[in-house]
Amino acid sequence: MQQLACNYLPHGYWFYVTGQIPPDKDPRDVDAKLIDKYDIAVSRATRCRRKKTGTASMHYLRHEYYFVLLATHGKHHFFADEGQQVRDAREVAIQFAGYSIGCKHGDYLRKEMGKQALRDSRFRSRVQVTRPVYLDWLAYFEEFAQRSTAERLAAQLYQFPYEPYAPVRKQVLNIVRVVNRVRRQRGRRPLDAKRVVRHRRKIVKVFST
């Protein structure tokens, strides 16, 4: 997911197809077949040359039995072969392991003194918890807040099992607001959001076992 959100989507790999490899198949065989079919294993120099000729570049990512094929703008038989299965991450986010990973225009840029705030015109990766999963966690913490101590609540919120990308942090902050509303109704002190929401995500080494 880190590779997808930080390295591919921000560089124009917006068009994608996802798939699930059957358990009775060796994923390495599928890797080799797709990489060969779409001529993915090429150097950066070749990608640059293809870009100049209007040819799309492609990448392939797999985690266990789930894979995603990614392509940039351009000509490529990938679009004809996959047809209506091809999605645009700017319109339909990729769903993986409880995450929704898409590409949207950025928020407002930092406003300079005396100037009007401007929108960020670049497309940025947007990683958040999928709506159904988020609602499940919201309901869980709302109920948990009715009977738990502040210490247990704080510990569980801090261990929220999704990496704290900015949209995920906003979702957790909303959960904290609901938790604090429940606590106030019962005459208990609210939690300090600064202490219970993680702000640093774990950086992992990709393509390693």
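For the sequence shown, the residue numbers in the numbering used here are 9 to 217.
Glycine included, C-beta positions come from ideal geometry on N, C-alpha and C.
Just so you know, the alpha carbons of Gly106 and Leu146 end up roughly 14 Å apart. The secondary-structure analysis by DSSP pairs Asp96 across a beta bridge with Phe23.
Under the Cβ criterion (8 Å, minimum of three pairs), the region 81-99 does not count as touching the region 30-39.
Contact check for Ser133 and Cys56: beta-carbon distance about 22 Å, past the 8 Å limit, so the pair fails to qualify.
Within the region 144-191, the runs of alpha helix (DSSP H) at least 4 residues long that lie entirely inside it are, in chain order, 158-166.
In this structure, Phe75 sits away from Gly20, with a CB-CB distance that is not shorter than 9 Å. Taking the C-beta atoms as reference points, Arg203 is found nearer than 9 Å to Ala162. In the DSSP annotation of this structure, Cys14 is not part of any alpha helix (DSSP H), being labelled neither H nor E.
In the DSSP annotation of this structure, Leu69 is not part of any alpha helix (DSSP H); the continuous beta strand (DSSP E) holding it starts and ends at Met66 to His71. Closest in alpha carbon position to Phe104, among Arg194, Val25 and Lys213, is Val25.
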